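Engineer: Take a look at the following structure, please.
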DNA sequence: TAGATTGTTAATCGATTAACAATC
DNA sequence: TAGATTGTTAATCGATTAACAATC
């Protein structure tokens, strides 16, 4: 139930399972199997079962998994049976797109503040948010007890801002800046850099 | 030199090495070591050396790696010593942000056309591009011999568009839509879904 | 030369898969 | 009951690490 240590690679697949199950639920599927889920995601059924078994027993032999029940369980495991307030740092084009994105809330996240350091942006809107000066960033994050930040600044600004975010109490950073940042061990960082994915694919393309 | 088969996980790290090396070069570093590169990226020096050794011998014992030389070699290996024309499908907020992103060209990619199916968007601008009707998408992609597409549409439209892109000759898709898509074996797909990363991190956060 | 760092081998570690008893 | 599918074990497979000869 409360596993001692689950491999990180297993944890990283649970959100994928949750996403696929949510699609199944939206399509009115009430029951699924490790086979069906695996086919859909390109994993073996054995892997699906093994991964889920790290956290408990969620299925019924001969039947499979109840979609709604498994969704609830995975949401609880990932702690997205609640909504996490997050701060967005960087109000460029990408920051605006992220601020306007409607897909966070029903998956457990809500942007509640947006920061930038450009004087002409401060006070203007990014989606439903008034852009605030990064000068008040630490204070605001601390006051609201925010633990998650998304960083959509240029690479050159990322390391300094990450350090300031950590200092303000941030424990998880989703970094859109195309660079590696260094943070203390208790802080988690995930990266999104589209070019890494593109360069990965061109390796397999013929010229 | 021309390795038979390199594990996918090794290939996926080469773009990271290239990115870090490019930062070093920008900072005027002429020589680096597997130790330094590893420290910077959070990998062991042994892994860096082992990964690079899959493709050839690029270093000098006692000295390390020439940054510029290694950059050239990795660019060649990844086939980003050329610029790849790409098509962008989906001109919403995210599509606009991607169309305006200045970080593609010097890393081997160039968007050359943008498509959407919304009548009020067709003919207007997304960054420097005039948005074209998806009705002419296959024809345009075929005519220009484009092999790479970025998909920034809602999830519901992704599978159908992916099939059409493949039919038009696309061999690599970077899918920003939060869903898994199914394509023939000869087509590669990479995914970007920020929520998967966020849900991964919340597993490790305390409530 | 002495010191440093590569490229590579072998050992270790960890993840995936196959198989099947349990059981719905 | 018969058929189906889980949860789990053991075997396989593959990736990472440690160690060191080679050599710059």
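Chains as they are written, first to last, in the numbering used here: chain L, 10 to 216; chain E, 10 to 216.
Virtual Cβ for every residue (Gly too), placed ideally from N, Cα, C.
Note that this is a predicted model, so its numbers are computed, not measured.
Quick one: is residue 176 of chain E buried, meaning 16 or more other Cβ sit within 10 Å of its Cβ, or exposed?
Structural biologist: Here residue 176 of chain E is taken as the residue at index 167 of the second chain, counted from 1. Residue 176 of chain E comes out exposed.
Engineer: Within this structure, are the beta carbons of residue 143 of chain L and residue 164 of chain L separated by less than 8 Å?
Structural biologist: In the first chain, counting from the first residue as 1, residue 143 of chain L sits at position 134. In the first chain, counting from the first residue as 1, residue 164 of chain L sits at position 155. For residue 143 of chain L and residue 164 of chain L, no; Cβs fall outside 8 Å.
Engineer: Give me, in chain order, the residues of the same chain whose beta-carbon lies closer than 6 Å to that of residue 101 of chain L; leave out the 5 immediate sequence neighbours on both sides.
Structural biologist: One-based indexing of the first chain puts residue 101 of chain L at position 92. For residue 101 of chain L, where only same-chain residues beyond five positions count, there are no Cβ hits under 6 Å.
Engineer: What does the alpha-carbon distance come out to for the pair residue 33 of chain L and residue 39 of chain L?
Structural biologist: For this step, residue 33 of chain L is matched to residue 24 along the first chain. For this step, residue 39 of chain L is matched to residue 30 along the first chain. Their backbone Cα atoms lie some 8 Å apart in a straight line.
Engineer: For residue 103 of chain E and residue 159 of chain L, I'd like the C-alpha separation in whole angstroms.
Structural biologist: Looking up residue 103 of chain E in the second chain gives position 94. Looking up residue 159 of chain L in the first chain gives position 150. Residue 103 of chain E and residue 159 of chain L: Cα-Cα distance of roughly 15 Å.
Engineer: Since residue 88 of chain E meets chain L, which of its residues come closer than 8 Å, beta carbon to beta carbon?
Structural biologist: Locating residue 88 of chain E in the second chain gives position 79, counting from the first residue. Chain L residues near residue 88 of chain E: 211, 212, 214, 216.
Engineer: Do you know offhand how far residue 191 of chain E's Cα is from residue 92 of chain E's?
Structural biologist: Looking up residue 191 of chain E in the second chain gives position 182. Looking up residue 92 of chain E in the second chain gives position 83. Taking the straight line joining both Cα atoms gives about 27 Å.
Engineer: To the nearest whole angstrom, what separates the beta carbons of residue 108 of chain E and residue 123 of chain E, a pair I think is in contact under 8 Å?
Structural biologist: Sequence index remark: in the second chain, residue 108 of chain E carries index 99 (1-based). Sequence index remark: in the second chain, residue 123 of chain E carries index 114 (1-based). So it is a contact: roughly 6 Å between Cβ atoms.
Engineer: Could you check what DSSP says for residue 139 of chain L in three-state terms: helix, strand or coil?
Structural biologist: In the first chain, the residue the question calls residue 139 of chain L occupies position 130. Strand, per DSSP.
Engineer: Using a Cβ-Cβ cut-off of 8 Å (strictly less than) and excluding sequence neighbours within five positions of residue 80 of chain E, which residues of its own chain qualify?
Structural biologist: Here the question's residue 80 of chain E lines up with position 71 in the second chain. Cβ within range, chain order: 27, 30, 31, 34.
Engineer: Please look up how many angstroms separate the CB atoms of residue 178 of chain L and residue 151 of chain L, rounded, as I've assumed it's under 8 Å.
Structural biologist: Residue numbering aside, residue 178 of chain L sits at position 169 when the first chain is read from its first letter. Residue numbering aside, residue 151 of chain L sits at position 142 when the first chain is read from its first letter. Going by Cβ atoms, the distance from residue 178 of chain L to residue 151 of chain L rounds to 6 Å, so yes, they are a contact pair.
Engineer: Nearest-angstrom Cα distance between residue 95 of chain E and residue 113 of chain E?
Structural biologist: Here the question's residue 95 of chain E lines up with position 86 in the second chain. Here the question's residue 113 of chain E lines up with position 104 in the second chain. Roughly 10 Å between the two C-alpha positions.
Engineer: Which residues bound the beta strand (DSSP E) around residue 199 of chain E?
Structural biologist: On the second chain, position 190 is the one that residue 199 of chain E refers to. 197-200 is the extent of the beta strand (DSSP E) around residue 199 of chain E.
Engineer: For residue 113 of chain L, which three-state DSSP category applies?
Structural biologist: On the first chain, position 104 is the one that residue 113 of chain L refers to. Of the three classes helix, strand and coil, the one that applies to residue 113 of chain L here is coil, per DSSP.
Engineer: Tell me the start and end of each unbroken beta strand (DSSP E) in the stretch 57-107 of chain L that is at least 3 residues and wholly inside, in chain order.
Structural biologist: List check, beta strand (DSSP E) in window: 73-75, 93-98.
Engineer: Report the rounded CA-to-CA distance for residue 256 of chain L versus residue 78 of chain E, giving the unit in angstroms.
Structural biologist: Outside the displayed range of chain L (10 to 216) lies residue 256 of chain L, so it cannot be described from this structure.
Engineer: Is it the case that the Cβ atoms of residue 116 of chain L and residue 204 of chain E are separated by a distance below 8 Å?
Structural biologist: In the first chain, counting from the first residue as 1, residue 116 of chain L sits at position 107. In the second chain, counting from the first residue as 1, residue 204 of chain E sits at position 195. Contact flag set, yes.
Engineer: Quick check on the burial criterion: 16 or more other C-beta atoms within 10 angstroms. Buried or exposed for residue 145 of chain L?
Structural biologist: On the first chain, position 136 is the one that residue 145 of chain L refers to. Exposed is the call here.
Engineer: What residues in the stretch 161-184 of chain L bring their beta carbon closer than 7 Å to a beta carbon of chain E?
Structural biologist: Listed by position along the chain: 180, 181, 183.
Engineer: What beta strand (DSSP E) runs, 3 residues minimum, are completely inside the stretch 165-196 of chain E?
Structural biologist: Counting whole runs of 3 or more residues, the stretch 165-196 of chain E contains the beta strand (DSSP E) stretches 181-184.
Engineer: Got a sec: is the Cβ-Cβ distance from residue 188 of chain E to anything in chain L below 8 Å?
Structural biologist: Mapped onto the second chain, residue 188 of chain E falls at position 179. Taking Cβ atoms only, chain L reaches closer than 8 Å to residue 188 of chain E, which makes this a yes.
Engineer: Taking C-beta to C-beta, are residue 209 of chain E and residue 199 of chain L nearer than 8 Å?
Structural biologist: For the purposes of this step, residue 209 of chain E is taken as the residue at position 200 of the second chain. For the purposes of this step, residue 199 of chain L is taken as the residue at position 190 of the first chain. Cβ distance < 8 Å, so residue 209 of chain E and residue 199 of chain L count as in contact.
Engineer: Would you grab the beta carbon distance between residue 162 of chain E and residue 99 of chain E for me? Rounded to a whole angstrom, and I think it's under 8 Å.
Structural biologist: Here residue 162 of chain E is taken as the residue at index 153 of the second chain, counted from 1. Here residue 99 of chain E is taken as the residue at index 90 of the second chain, counted from 1. About 4 Å separates the two Cβ atoms, so the contact holds.
Engineer: Under the DSSP definition of a beta bridge, which residues are partnered with residue 134 of chain L?
Structural biologist: Taking the first chain and counting its residues from 1, one reaches residue 134 of chain L at position 125. Answer by DSSP bridge pairing, in chain order: L:139.
Engineer: With 8 Å set as the bound, which would you pick, yes or no: does the beta-carbon of residue 102 of chain E sit closer than that to a beta-carbon of chain L?
Structural biologist: For the purposes of this step, residue 102 of chain E is taken as residue 93 along the second chain, with counting starting at 1. Chain L contact via Cβ: present.
Engineer: The alpha helix (DSSP H) spanning residue 158 of chain L covers which residue range?
Structural biologist: Taking the first residue of the first chain as position 1, residue 158 of chain L is located at position 149. Careful: residue 158 of chain L lies outside any alpha helix (DSSP H), inside the beta strand (DSSP E) at 157-160.
Engineer: How far does the beta strand (DSSP E) with residue 119 of chain E in it extend, from its first residue to its last?
Structural biologist: Stepping through the second chain from its first residue, residue 119 of chain E is reached at position 110. Unbroken beta strand (DSSP E) run through residue 119 of chain E: 118-125.
Engineer: Who are the neighbours of residue 91 of chain L on chain E, taking C-beta pairs under 8 Å?
Structural biologist: Within the first chain, numbered from 1, the residue matching residue 91 of chain L stands at position 82. Those are 216, listed as they occur along chain E.
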